[in-house]
Amino acid sequence: MKLQTLLLDLIYPPRCAFCRRFVDNGEIFICDDCLRSLPYTSGGGRQKADFVTACVSPLYYEGDVRESLLRYKFHGATGYAKAYAPLVADCIRGELAGEYDIISWVPISRKRLRGRGYDQARLLAEAVAKQLHTTARPTLKKVVHTQPQSGTGSAEKRRANIAGAYQVLDPAAIADKRVLLLDDIVTTGSTLSECARTLGLAGAEQVVCASVARARD
Ligand SMILES: [Zn+2]
0 MKLQTLLLDL IYPPRCAFCR RFVDNGEIFI CDDCLRSLPY TSGGGRQKAD FVTACVSPLY
60 YEGDVRESLL RYKFHGATGY AKAYAPLVAD CIRGELAGEY DIISWVPISR KRLRGRGYDQ
120 ARLLAEAVAK QLHTTARPTL KKVVHTQPQS GTGSAEKRRA NIAGAYQVLD PAAIADKRVL
180 LLDDIVTTGS TLSECARTLG LAGAEQVVCA SVARARD
């Protein structure tokens, strides 16, 4: 273990990313109780969305999982990416093996990035890619700053809110490629669908997705 890691562990002993109890298995940041009892999906919670062939998530978005993801997304708990990554990577190995060429993520806008200081989906994608012995690459940028999808009402409104919000960074890099997009949470799928539509228009062959958690049907 690096000295810096040791010192940080003394100052901030590692806690479980879900229930926040101290953990001594510091490598994974999930306590044994949570590992046993988290609300796991079965079969990767596989679902479809418009323009998205398959979307998998190891967990349901509820209880401690929801609280954990809120801390991750809005309160600076960026280290949680390391706790989520093995769960998401396992899910990808089990459900999406051989179905993608590039790992990427659903980006946030520059304005949001300035406000938050980090892109939670990017951190997740990088940690997951590391688990899968590859690297994540940017494929999209968010060119329109939209209202959070959770507060925008009906499915139709959400689609209208997000339409045209993304651009492909380098069409040549994704032409005829199958893209795996990472995001922290999938609720209605409207954001993923718009990203997938944008990638498809630019020539991507297929888009599949993975997230930490999904809504229960
Ligand atoms: Zn726990």
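Residues in the sequence shown are numbered consecutively from 0, following numbering that gives the first Met the number 0.
The beta-carbon is built from N, C-alpha and C at its ideal position, and this holds for glycine as well.
In the three-state scheme derived from DSSP, where H, G and I count as helix and E and B as strand, V87 is classed as helix. Of all C-beta pairs linking the region 59 to 68 to the region 134 to 144, fewer than three are shorter than 8 Å, placing the two stretches out of contact.
Here the C-alpha atom of I161 lies approximately 7 Å from the C-alpha atom of T190. If one requires a minimum length of 3 residues, the beta strand (DSSP E) runs lying completely within the region 129 to 169 are 139 to 141 and 165 to 167, in chain order.
Q146 counts as exposed, since fewer than 16 other beta carbons sit within 10 angstroms of its beta carbon. Here D182 carries a strand assignment [DSSP, helix/strand/coil]. Three or more beta-carbon pairs separated by less than 8 Å link the region 184 to 202 to the region 42 to 53, which places the two stretches in contact. Selection R136, A164 and V206 evaluated against A172 yields R136 as nearest (Cα-Cα). If you compare the alpha carbons of C18, F21, T134 and G44 with that of V211, the shortest gap goes to G44. The region 190 to 206 makes contact with the region 97 to 117; the number of CB pairs closer than 8 Å reaches 3 or more. The beta carbon of F28 sits no closer than 6 Å to any heavy atom of ligand 1. Nearest to D31 by alpha-carbon distance, out of E155, P170, A82 and H74, is A82. Distances between the C-beta of F21 and the heavy atoms of ligand 1 are all 6 Å or more.
Y79 is a Cβ neighbour of Y71, given a cutoff of 7 Å.
For the pair of segments examined, the region 87 to 94 was found to touch the region 113 to 130: the number of CB pairs separated by less than 8 Å reaches three. In this structure, the beta-carbon distance from D175 to A120 does not fall below 7 Å. In the structure shown, the three-state DSSP call for S108 is strand. Nearest to R19 by alpha-carbon distance, out of L2, A76, G152 and Y39, is A76.
Within the same chain, and ignoring the five residues on either side of G199 in sequence, the residues whose Cβ sits closer than 7 Å to its Cβ are F50 and V206. In the structure shown, L58 adopts extended strand secondary structure according to DSSP, grouped into three states.
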